[in-house]
Amino acid sequence: MREFAVPAAVKVEPDLNITDLLERQVAEDPGNVLFGRQLTPGQWTDVTAAEFRDDVVSLAKGLIAKGIQPGERVAIMAATRYEWTLLDFAIWYAGAVTVPIYETSSPSQIAWIVQDSEVKLVFAETDSHVKAVDRAVAQEKLESVQDVLTIDSDDLDQLRSAGKEIADEELQARRSAANLEDLATIIYTSGTTGKPKGCELTHGNFAELSLNALASLETAINKNSSTVLFIPLAHVFARFISVISVAAGARVGHTSDIKQLVDDLGTFQPSFLLAVPRVFEKIYNAAMMKAEADGKGSIFQKAAQTAIDYAKASQEGKPGFVLKLKHGLFDKLVYSKLRARMGGNVKFAVSGGSPLGARLGFFFKGIGLHVMEGYGLTETTAPLTVNTPTATKIGSVGQPLPGHEVRIDDSGEILGRGVGVFRGYLNRPDANQESFTEDGWYRTGDVGALDSEGFLTITGRQKEILVTAAGKNVAPAQLEDQIRADAIVSQAVVVGDGRPFVAALITLDAETLPGWLEGRGMNPDTPVSELIENQTIIDHVQSVVDKANQSVSKAESIRTFKLLEGDFTIESGHLTPSMKIRRADIMKDYAEAVETLYAEAAQARAAQA
Numbered sequence: 001m002r003e004f005a006v007p008a009a010v011k012v013e014p015d016l017n018i019t020d021l022l023e024r025q026v027a028e029d030p031g032n033v034l035f036g037r038q039l040t041p042g043q044w045t046d047v048t049a050a051e052f053r054d055d056v057v058s059l060a061k062g063l064i065a066k067g068i069q070p071g072e073r074v075a076i077m078a079a080t081r082y083e084w085t086l087l088d089f090a091i092w093y094a095g096a097v098t099v100p101i102y103e104t105s106s107p108s109q110i111a112w113i114v115q116d117s118e119v120k121l122v123f124a125e126t127d128s129h130v131k132a133v134d135r136a137v138a139q140e141k142l143e144s145v146q147d148v149l150t151i152d153s154d155d156l157d158q159l160r161s162a163g164k165e166i167a168d169e170e171l172q173a174r175r176s177a178a179n180l181e182d183l184a185t186i187i188y189t190s191g192t193t194g195k196p197k198g199c200e201l202t203h204g205n206f207a208e209l210s211l212n213a214l215a216s217l218e219t220a221i222n223k224n225s226s227t228v229l230f231i232p233l234a235h236v237f238a239r240f241i242s243v244i245s246v247a248a249g250a251r252v253g254h255t256s257d258i259k260q261l262v263d264d265l266g267t268f269q270p271s272f273l274l275a276v277p278r279v280f281e282k283i284y285n286a287a288m289m290k291a292e293a294d295g296k297g298s299i300f301q302k303a304a305q306t307a308i309d310y311a312k313a314s315q316e317g318k319p320g321f322v323l324k325l326k327h328g329l330f331d332k333l334v335y336s337k338l339r340a341r342m343g344g345n346v347k348f349a350v351s352g353g354s355p356l357g358a359r360l361g362f363f364f365k366g367i368g369l370h371v372m373e374g375y376g377l378t379e380t381t382a383p384l385t386v387n388t389p390t391a392t393k394i395g396s397v398g399q400p401l402p403g404h405e406v407r408i409d410d411s412g413e414i415l416g417r418g419v420g421v422f423r424g425y426l427n428r429p430d431a432n433q434e435s436f437t438e439d440g441w442y443r444t445g446d447v448g449a450l451d452s453e454g455f456l457t458i459t460g461r462q463k464e465i466l467v468t469a470a471g472k473n474v475a476p477a478q479l480e481d482q483i484r485a486d487a488i489v490s491q492a493v494v495v496g497d498g499r500p501f502v503a504a505l506i507t508l509d510a511e512t513l514p515g516w517l518e519g520r521g522m523n524p525d526t527p528v529s530e531l532i533e534n535q536t537i538i539d540h541v542q543s544v545v546d547k548a549n550q551s552v553s554k555a556e557s558i559r560t561f562k563l564l565e566g567d568f569t570i571e572s573g574h575l576t577p578s579m580k581i582r583r584a585d586i587m588k589d590y591a592e593a594v595e596t597l598y599a600e601a602a603q604a605r606a607a608q609a
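First residue of the sequence shown? That's 1 in UniProt numbering, and the numbers climb one at a time after it.
This is how it looks when you write it as C-alpha cells:
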C-alpha cells in the first residue's frame, strides 16, 4: 500500500488555542488534580486545575507587566520539572511564543537559538544556566535579550507581584487572541547534521492533535490516568504529552533525576509512561541482571520467553491452555515484581524516538504493559502514527492518528500530512522548499512501508543509508538497535560507507558491566580499558553481533567490530538530547578508529591467504 488516511475524529473551532484546553478543565471540574508536585523526595502535593490556572494567570500578568508583547519569544532553559509546564502555559496566556533550550546546551548553541528566534526573555533554572545564557549573550552581542530570570530564586515571586497591576480584561484579551493558525512555539531540532532548525509549531498543531489523538488513546490517557514525565520537556515528545494530559485532565508528575526514577514511580504510581526505547531496554536488562545475581537467571529467561510467546499468541487470538498456565505462574513469580518496580499501576506506555524492537514489544505486552510504539518528528508535533490500545501490531509504529495521512513515495520515503504537521522552518525558505512537496506533503527523510491496514513500519533513514564499495545499500538502524539492546552494550554505530564490507563501533555500558562481570566470576572493578581487550567480553559481543546479523543478508552483515574505551554521550557531543546518534560527528571524531578497524581486518585476511 502506498497511502493511508484517517479522517479527523474531532471538529475543532478555528479560534481555539492551547490555553482553551486548560480553561475547559477549570470550567468542567476546577478541583480535578492536574499535577503532582514533588517538593520533597517521595512526597507529592496535588495541584488542581483551578490552582494551576490561577498561578499561570499570575505569571502571565507578570510577563505582560515586564513588557512582553504578543508574539514575542520567551525561552525556557530547565530540566523537566513542574515549573517548566507552568511557565509554558503562562507564556501562552500572555500571548507570547515559547522557545525551549535544552539544559545541556552550550553557549554557542544557546546563542544560535536566541539569535535566530529573537528571544526577549529567558527563564533559566539555575545560576549555572544563567551564566551560560549570559556568556552566550555577551559573546555574540545579542541585543534582543532584555532579561534572564532564575527559576531557582525568588524571580518568579517577583514576577507574580509585578503582575498584580495588570487587569483581568487585558490578560483575557491576550489569552484568547491566538487561533489555530498562530505560532505557539519554536522547537529547534536536535541537529544530527548542521545547525539546528527552528520548527514553527502552531496552537492548532498541539490543540488539534491532542483532541484527535485522545479519540484513539482515551483508554490510556484520560481523567483517571496519570504519568511521570522524565524525558526533557525541551523535546517535542514530552511537550506533546504535557499538553494532551491537560486536554484529558490526566495527572502529571515531573522528575529530572533518572537515578531517582524508580523511587518516584513507586510513590507516584502512574498508569502510563512515555519513554525512548533505551529506557525500556534498561528496565529489561536491569531485571535480567538482578535475576542472574540472585541465581535465578534461568527462571527469568523462561519467564521472558513465556511473556513473548503469550503476547504473540494473544495477538493472534489463540494462547493455549498450557501457555496460559505458565503465564499465570510467571505473573506471580516475575511479572508482578517488574510491574511493581514501575509503580504497580502502569498499564500503558508510549515509546518513540527510535525503534523499540518486536522482542521487547512482545515481552512488555506479555508482562501486562502495553507499549504503544509510535512514530513522529519535531516537525509533526511528535506522533504522526501510533499503535493504540485497540489497534496494535507489534513491530510496527501503528496507523496514522486521526486527521493524518501517510504516503510512501517511489523512493520509499515516508511523507506525512495532517493537523500535527508544522507550518515550516523559521527563517529557512530553502529548507521549507526542500521539505515539502508541491501538494503539501512533508518529507520525513525516513524510509518505510505501509501494510494493507495502514500500519507503518520504519526500515531506515534516507540520509543514513550506507552504500558499500560493492554498491550494497545498508540501513544501519536495523542492526544498531538489536546490538544496543544487549545488557552490556551502550551504543553501536554501523560503518561501511564506500568500504568493502560493513563493520561497527561499539561501546560498553558502565552501569550494567559490574553486575554482569560479577555474575561471571570476574572483577566488577575492572577498567573498561582492559575489558575491551578481554576475550570473554569480545566473545559475548560477537554473539550479539552474530544474532543481529541473522536479520539481514550476508552483504549487509557486520563482518568485524571495534570496542571503544569511551562512550557516546550527550556531553561528548555524540548523542542528541533525545539520545539519537550524531553519526557525522562520530565518524569525524573516530575516523582513526575506523581506519584502524579496516586496516586490521585487511591484515587478518592477508595473513589467512
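From the three backbone atoms N, C-alpha and C, an ideal C-beta is built for every residue, glycine too. Just so we're clear, the structure is a prediction, and the values are computed from it rather than from any experiment.
Subject >> C-beta contact flag for serine 490 and aspartate 509 at 8 Å >> reply: Indexing the sequence shown from 1 puts residue 490 at position 490. Indexing the sequence shown from 1 puts residue 509 at position 509. Yes, Cβ-Cβ distance for serine 490 and aspartate 509 is below 8 Å.
Subject >> Three-state secondary structure (DSSP) of residue 638 >> reply: In the structure as shown, the chain begins at 1 and stops at 609. Residue 638 is therefore absent and cannot be evaluated.
Subject >> C-alpha distance - glutamate 165 paired with alanine 173, whole-angstrom precision >> reply: For the purposes of this step, residue 165 is identified with residue 165 of the sequence shown, where counting begins at 1. For the purposes of this step, residue 173 is identified with residue 173 of the sequence shown, where counting begins at 1. If you take the alpha carbons of glutamate 165 and alanine 173, they lie about 16 Å apart.
**OP:** Would you tell me roughly how many angstroms separate the C-alpha atoms of glycine 266 and glycine 368, rounded to the nearest one?
**Re:** Your numbering for residue 266 matches position 266 in the sequence shown. Your numbering for residue 368 matches position 368 in the sequence shown. Answer to the nearest angstrom: the Cα atoms are 17 Å apart.
Original post:
Can you find at least 3 beta carbon pairs, one from the region 172-187 and one from the region 8-19, that sit closer than 8 Å?
Top reply: yes
Original post:
Considering only residues of the same chain and omitting the five flanking positions on each side of glutamate 72, which have a CB-CB separation below 6 Å?
Top reply: The residue labelled residue 72 in the question sits at position 72 within the sequence shown. Ala96, Lys120, listed in sequence order.
Subject >> Candidates Gly317, Thr255, Ser578: closest to leucine 39 by CA position >> reply: The residue given as residue 39 occupies position 39 in the sequence shown. The residue with the shortest Cα to Cα distance from leucine 39 is Thr255.
Original post:
Taking C-beta to C-beta, are phenylalanine 268 and valine 228 nearer than 8 Å?
Top reply: Stepping through the sequence shown from its first residue, residue 268 is reached at position 268. Stepping through the sequence shown from its first residue, residue 228 is reached at position 228. Taking 8 Å as the Cβ cut-off, phenylalanine 268 and valine 228 qualify as a contacting pair.
Original post:
Going by other Cβ atoms of all chains shown within 10 Å of its Cβ, with 16 needed for buried, is proline 41 buried or exposed?
Top reply: Indexing the sequence shown from 1 puts residue 41 at position 41. Per the 10 Å Cβ criterion, exposed.
Original post:
In its own chain, which residues sit with a C-beta less than 8 Å from the C-beta of threonine 192, not counting the 5 before and 5 after it?
Top reply: Here residue 192 refers to the residue found at position 192 of the sequence shown. Here threonine 192 scores only 49 on pLDDT, less than 50, and its place in the model should not be relied on; the value that follows carries that caveat. Once the five neighbours on either side are set aside, the close Cβ partners of threonine 192 are Thr576, Lys580, Ile581, Arg582, Arg583, Ala584.
Subject >> Own chain, CB closer than 6 Å to alanine 136, minus 5 neighbours either side, in chain order >> reply: Stepping through the sequence shown from its first residue, residue 136 is reached at position 136. Cβ neighbours of alanine 136 beyond the five flanking positions: Pro107, Ile110, Ala111.
Original post:
Can you give the Cα-Cα distance for glutamate 413 and glutamine 25, rounded to whole angstroms?
Top reply: By one-based count along the sequence shown, residue 413 stands at place 413. By one-based count along the sequence shown, residue 25 stands at place 25. Cα to Cα, glutamate 413 sits roughly 40 Å from glutamine 25.
Subject >> Segment contact, 8 Å Cβ cut-off, at least three pairs: the region 41-53 with the region 211-221 >> reply: no
Original post:
What is the DSSP secondary structure of alanine 124, counted as helix, strand or coil?
Top reply: Counting from one through the sequence shown, the residue named residue 124 turns up at place 124. Note: alanine 124 maps to strand in three-state DSSP.
Original post:
Comparing alpha-carbon positions, which option in Asp525, Met522, Ala504 lies nearest valine 544?
Top reply: Position 544 of the sequence shown holds residue 544. For valine 544, the nearest C-alpha among the options comes from Ala504.
Original post:
Counting Cβ pairs closer than 8 Å, one from the region 296-305 and one from the region 375-383, do we hit at least three?
Top reply: no
**OP:** Closer than 7 Å by C-beta to valine 57: which residues in its own chain qualify, once you throw out the five before and the five after it? Chain order, please.
**Re:** As a first step, residue 57 must be located in the sequence shown, where it is residue number 57. Answer for valine 57: Tyr93, Leu171, listed in chain order.
**OP:** Output yes or no for whether 8 Å exceeds the beta carbon distance between glutamate 518 and proline 524.
**Re:** Here residue 518 corresponds to residue number 518 of the sequence shown, with the count starting at 1. Here residue 524 corresponds to residue number 524 of the sequence shown, with the count starting at 1. Yes, they are a contact pair.
Original post:
Should serine 176 be listed as close to the ligand COA, given that the test is whether its C-beta is under 7 Å from any heavy atom?
Top reply: Questions concerning the ligand COA fall outside what the structure shown contains, since it holds no ligand whatsoever.
Original post:
Of all the beta strand (DSSP E) runs that stay within the bounds of the region 332-376, which reach a length of 3 or more residues?
Top reply: 348-351
**OP:** Kindly indicate the opening and closing residues of the alpha helix (DSSP H) around arginine 582.
**Re:** By one-based count along the sequence shown, residue 582 stands at place 582. Unbroken run through arginine 582: none, as it is neither H nor E.
Original post:
Sorted by chain position, which residues of the same chain lie with C-beta nearer than 8 Å to histidine 327's C-beta, five sequence neighbours on each side aside?
Top reply: Mapped onto the sequence shown, residue 327 falls at position 327. Here the set comprises Thr306, Ala307, Tyr310, Pro319, Gly366.
Original post:
Based on the DSSP secondary-structure assignment, which residues constitute the bridge partners of tryptophan 44?
Top reply: Here residue 44 refers to the residue found at position 44 when the sequence shown is read from its first residue. Beta-bridge pairing links tryptophan 44 to Gln38.
Original post:
Are the beta-carbon atoms belonging to glutamate 434 and arginine 417 less than 8 Å from one another?
Top reply: As a first step, residue 434 must be located in the sequence shown, where it is residue number 434. As a first step, residue 417 must be located in the sequence shown, where it is residue number 417. For glutamate 434 and arginine 417, no; Cβs fall outside 8 Å.
Subject >> Unbroken alpha helix (DSSP H) run spanning isoleucine 151, endpoints >> reply: As a first step, residue 151 must be located in the sequence shown, where it is residue number 151. Note, isoleucine 151: premise wrong, no alpha helix (DSSP H); not H, not E.
Subject >> Any beta strand (DSSP E) of 3 or more consecutive residues that is wholly inside the region 518-569 >> reply: 558-564
**OP:** Any chance you could list the alpha helix (DSSP H) runs of at least 4 consecutive residues sitting entirely within the region 453-498, in chain order?
**Re:** 476-484
**OP:** Give the single residue among Trp44, Gly515, Tyr102, Asp29 whose Cα lies nearest to the Cα of serine 578.
**Re:** As a working note, residue 578 is residue 578 in the sequence shown. The shortest C-alpha separation from serine 578 is found at Tyr102.
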